[in-house]
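The opening position of the sequence shown corresponds to residue 3 in the working numbering, with each subsequent residue numbered one higher.
Just so you know, even glycine gets a beta-carbon here, dropped at the ideal spot from N, CA and C.
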Amino acid sequence: MDEQQLLEGAKAVLEANDHGNFTVPASGIYPHQWLWDSCFIAIGLRHTDIDRAQKEILSLLRGQWANGMLPNMILGTGRQGRWPNIWRSWINPNSPDGVNTSGITQPPMLAEAIVQIGGKLSKAERHSWYKKTFPALLKYHEWLFNERDPHGEGLVLQIHPWEVGMDNTPTWMAEIKEHSQPLWITAIDKLHLGPLLNIFRRDTHHIPAGQRLDIIDALVLYSTLRRLRRKRYDFDKIIDHSMFAIEDLAFNCIFIRANQHLEDIARFIHKPLADDLKDRIKKSQLALEELWDPMAEQYFSRNFVTHKLINQSTVATLLPLYAGVGHKGRAKALVKLLEDKHLFGPEYPVPSVPLNSAWYKPTGYWQGSTWVNMNWLLIDGLRRSGFADHADVLSESTLEMVAQSGFNEYFDPSTGKPAGAKNFSWTAALIIDMIKAA
Ligand code: GLC
3 MDEQQLLEGA KAVLEANDHG NFTVPASGIY PHQWLWDSCF IAIGLRHTDI DRAQKEILSL
63 LRGQWANGML PNMILGTGRQ GRWPNIWRSW INPNSPDGVN TSGITQPPML AEAIVQIGGK
123 LSKAERHSWY KKTFPALLKY HEWLFNERDP HGEGLVLQIH PWEVGMDNTP TWMAEIKEHS
183 QPLWITAIDK LHLGPLLNIF RRDTHHIPAG QRLDIIDALV LYSTLRRLRR KRYDFDKIID
243 HSMFAIEDLA FNCIFIRANQ HLEDIARFIH KPLADDLKDR IKKSQLALEE LWDPMAEQYF
303 SRNFVTHKLI NQSTVATLLP LYAGVGHKGR AKALVKLLED KHLFGPEYPV PSVPLNSAWY
363 KPTGYWQGST WVNMNWLLID GLRRSGFADH ADVLSESTLE MVAQSGFNEY FDPSTGKPAG
423 AKNFSWTAAL IIDMIKAA
């Protein structure tokens, strides 16, 4: 596929997945609206149809809870959306009337999407676009700080791996398995009964089981959700019962960048942020450095309860480049990891875990595969951190991989072969953005 064909192909994917005011991630397997998917999708759509990009973002806001939370999913209502509703979000009084949502959030990419769209508008249009979206964005960020950083330490915590968008990432899987895996799941694992349960899965009707997360991981995700649901998604109750929580590195990096955008937006529309909020924003940038492990020379996520770093290397390790690493030596150390062919630098980078990880499987979902959204974040971060050449190389290999393999959900880092859902929206959207930005 040449560049023009790639562009046309990407547009066709987005059109096919368009449900009017929002875009599904892929038809069949993902029939709902997801928070960070829509943000990435809007970043691509802004090049082809700016009104539709704005609509994508505004449609996300209908799911906002009264406390400010933006849910990771707004459930579809059409024929495709007839999944059993495992969330029952109405059990929490903050959930919106008449819109079924999940009860947890996802990485706060909203500010990035708003600003990227703003960059395509005239000054006057940008002003009204920012004014329109600012109240919801501000409320969301305030909720994150107030509810998810209960001790005011600077980092926000997450309560389910789905909040991080990297469902079975080793960081979370290792912690849950060590601290809070229910006995019934351990028994299923020990007795090797997992494969029998695969018949109850819906995802494997669409994608070969070998390319999805394994059944034990899937059960862990589901049982974690059930615990949150039992507490009616009431954060105080969840934390009081000392269910484990993680200050996730990827989530916090995205939040730090989002806060920089929030400040820019506020400045642009002359709506100064409260001093308290400004202080918290400053603090979170500094707190990121507490996640640096000098022995491993990497950043890690931290267990909120034990306050210990979780020594699992994943693609999140590199995301401080996107947040903005204050420390030049550390930024360089990350770039070195990225260059290393035995870690994060195979033929089609960036693998979701390094090649030397015990978790690594080439099509292991978030345990090995290359994802285009992670590449987009890193390309953007590398460019802003003074590594423009690295950004160009990563952008080229990503474009080559998708041109060869199609707009899949994820890819084998060694061969570039496609895996997961076909015609995946954020892959298409971010390819449009990479072409247009080149
Ligand atoms: C999977 C991914 C998540 C994404 C969702 C919809 O759960 O792990 O990041 O938002 O699918 O595409």
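Quick check on residue i: buried or exposed, where buried means 16 or more other Cβ atoms within 10 Å of its Cβ?
i	result
Gly366	buried
Gly120	buried
Arg269	exposed
His309	exposed
Leu293	buried
Pro322	buried
Ser130	exposed
Met297	exposed
Thr400	buried
Gln7	exposed
Pro356	buried
Ser224	Reading the sequence as shown, one finds Tyr at residue 224 and not Ser. The residue in question, Tyr224, is exposed, as its Cβ has fewer than 16 Cβ neighbours within 10 Å.
Tyr233	The sequence as given places Lys at residue 233; Tyr does not occur at that position. Lys233 comes out buried.
Ser427	buried
Ala442	Nothing about residue 442 can be read from this structure; the chain reaches only from 3 to 440.
Phe202	exposed
His153	exposed
Ile209	buried
Specify, as a first and last residue, the run of the beta strand (DSSP E) that residue i falls within.
i	result
Arg304	Ser303 to Asn305
Taking 8 Å as the cut-off, does the CB of residue i come closer than this to any heavy atom belonging to the ligand GLC?
i	result
Pro27	yes
Gly65	no
Tyr301	no
Gly105	no
Trp368	yes
Asn74	yes
Trp38	yes
Trp164	yes
Trp428	yes
Gln108	yes
Asp342	no
Asp169	yes
Tyr224	no
Glu114	no
Tyr32	yes
Glu411	yes
Say whether chain B places a C-beta atom closer than 9 Å to the C-beta of residue i.
i	result
Leu320	Judged by its chain identifiers, the structure shown contains no chain B, having just a single protein chain.
Considering residue i, what are the terminal residues of the alpha helix (DSSP H) in which it resides?
i	result
Val117	Leu112 to Gly120
Phe147	Lys125 to Arg150
Thr226	Ile217 to Arg232
His21	Here His21 belongs to no alpha helix (DSSP H), and DSSP marks it neither H nor E.
Arg204	Where Arg204 is concerned, there is no enclosing alpha helix (DSSP H), given that its DSSP letter is neither H nor E.
His181	Pro172 to His181
Leu339	Lys330 to Glu341
Trp186	Leu185 to Lys192
Ser416	Per DSSP, Ser416 belongs to no alpha helix (DSSP H) and is neither H nor E.
Leu432	Ser427 to Ala439
Pro322	Pro322 to Ala325
Leu199	Gly196 to Leu199
Problem set entry | Ranges of the beta strand (DSSP E) found wholly within the region 33 to 104, counting only runs of at least 3 | Those beta strand (DSSP E) runs which fall completely within the region 33 to 104 and span 3+ residues do not exist here.
For this session: Scan the region 240 to 313 and note each continuous beta strand (DSSP E) run of 3 residues or more that stays entirely inside, going in chain order.
Result: Correct list: 303 to 305.
For this session: Just list the alpha helix (DSSP H) runs in the region 366 to 405, keeping only unbroken ones of 4 residues or longer that don't cross its boundaries, in chain order.
Result: Look at the region 366 to 405 and you find these whole runs of alpha helix (DSSP H), each 4 residues long or longer: 374 to 386.
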